[in-house]
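Numbering (our numbering), first residue to last: 40 to 336.
In this text, a Cβ means the ideal position worked out from N, Cα and C, and glycines have one as well.
Okay, structure first, notes after.
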């Protein structure tokens, strides 16, 4: 099969599309023939080598936390899906930038959800649900989301607002209208964080390159602050959160149900071919491409 493999940590040119063996599902796993694979900011941080202590790369090293496709094979003990079923998969062990992937966590794709949206949901949807659960934000409390109109921030904002949480969204000035449409109060990402907000009950850093130190101060300490990709977080006592196996399937189900019911809106998806994965990483890293990208496999 063809897959985008990274030869080592570094710039986007370490990503090359090459032939690798087709994986085989083990007990409790499925193999999926991928239609689309999502690209997220954590992919870029892993490729650059910033998260080596958190995410260990397999051999071959294939990035990608999320994908959508058709069940191609099932391992022993799998009973809730069959060959030909349409699914979206969460891949905490990576592997999505490929023609086939073996997955332990999946959710059925509703008929009304596009392939592109299904591929764009799993990582960001799981991360948003997980973060809100860990932060324990309740109705009437305030939640500051850094990167509130990104893939995770967009989902977390809508879910928090629906639960009665007052969301403050740190975004670019150009994204103020989007943040307001999602139900949040926007503040300018380019301004010092403490100038527009004095205190909050909790913080979700969905950006990975924000002023985390000030965010901790605004929350009165690190106990209710989570970052999804800032490696400096643990030095401040902030949880650098990654997927929790026991909660992945329930988080996927919650997010996909909301998407299928029309209660959840995702960022628009931009489709690029798998062969352009290095260029996609370069453009996302440089900020010249500001979109949720899904790779057509």
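query: Any contact of the segment 172 to 182 with the segment 95 to 107, i.e. 3+ C-beta pairs under 8 Å?; result: no
query: One question on the structure: do residue 40 and residue 136 come within less than 8 Å of each other, judged by their Cβ atoms?; result: no
query: When you compare each of 324, 321, 312 and 326 to residue 77 by their alpha carbons, which one comes out closest?; result: 312
query: Distance check for residue 206 and residue 199, CA to CA, integer angstroms please.; result: 7 Å
query: List the residues that DSSP assigns as beta-bridge partners of residue 335.; result: 75 and 312
query: Taking the alpha-carbon of residue 99 as reference, which of 132, 84, 112 and 320 has the nearest alpha-carbon?; result: 132
query: For the alpha helix (DSSP H) holding residue 155, just list the boundary residues, first then last.; result: 154 to 159
query: Assuming contact is defined by CB atoms lying nearer than 8 Å, are residue 113 and residue 71 in contact in what I supplied?; result: no
query: Report yes or no: do the segment 78 to 86 and the segment 60 to 70 share at least 3 C-beta pairs separated by less than 8 Å?; result: no
query: Evaluate the contact criterion for the segment 303 to 312 versus the segment 274 to 289: three or more CB pairs, one atom per stretch, below 8 Å.; result: no
query: Apart from the five residues just before and just after residue 231, which ones in its own chain have a Cβ nearer than 6 Å to its Cβ?; result: none
query: How far does the alpha helix (DSSP H) with residue 118 in it extend, from its first residue to its last?; result: Element bounds for residue 118: n/a, residue is neither H nor E.
query: By Cβ distance below 6 Å, which residues in the same chain neighbour residue 94 in space, the five residues on each side in sequence not counted?; result: 85
query: When you compare only the Cα positions, how much space is there between residue 191 and residue 262?; result: 20 Å
query: Tell me which same chain residues have a C-beta within less than 8 Å of the C-beta of residue 259, skipping the five on either side of it?; result: 238
query: Counting along the chain, where does the alpha helix (DSSP H) carrying residue 200 start and finish?; result: 190 to 201
query: Return the CA-CA distance between residue 330 and residue 225, expressed in angstroms with no decimal places.; result: 19 Å
query: Beta-carbon within less than 8 Å of residue 335's beta-carbon, same chain only, minus the 5 sequence neighbours each way: which residues are those?; result: 74, 75, 310, 311, 312 and 313
query: Taking one C-beta from the segment 241 to 256 and one from the segment 266 to 279 each time, how about it: are there three or more such pairs within less than 8 Å?; result: yes
query: Which runs of the beta strand (DSSP E) at least 3 residues long sit entirely within the segment 243 to 324? Give them in chain order.; result: 264 to 266 and 308 to 312
query: Enumerate in chain order the residues of its own chain whose CB-to-CB distance from residue 275 is below 7 Å, with the five nearest sequence positions on each side excluded.; result: 251, 252, 255 and 261
query: Just curious, the alpha helix (DSSP H) that residue 218 is in, first and last residue?; result: 215 to 220
query: For residue 57, which residues from the same chain have a beta carbon less than 6 Å from its beta carbon, with the 5 sequence-adjacent residues on both sides left out?; result: 44
query: Specify the secondary structure class of residue 147 as computed by DSSP and reduced to three states.; result: strand
query: Hey, could you find the ends of the alpha helix (DSSP H) residue 82 is sitting in?; result: 80 to 87
query: Are the Cβ atoms of residue 333 and residue 323 separated by less than 8 Å?; result: no
query: Thinking just about the alpha-carbon of each residue, which of 315, 186, 289 and 317 is nearest to the one in residue 129?; result: 289
query: What first and last residue would you give for the beta strand (DSSP E) that runs through residue 225?; result: 224 to 227
query: My output table needs one value for residue 238: the three-state DSSP class, helix, strand or coil.; result: coil
query: With distances taken from CA atoms, which of 317, 316, 149 and 212 is nearest residue 296?; result: 149
query: Buried or exposed: which applies to residue 68, given that a residue is buried once 16 or more other Cβ atoms fall within 10 Å of its Cβ?; result: buried
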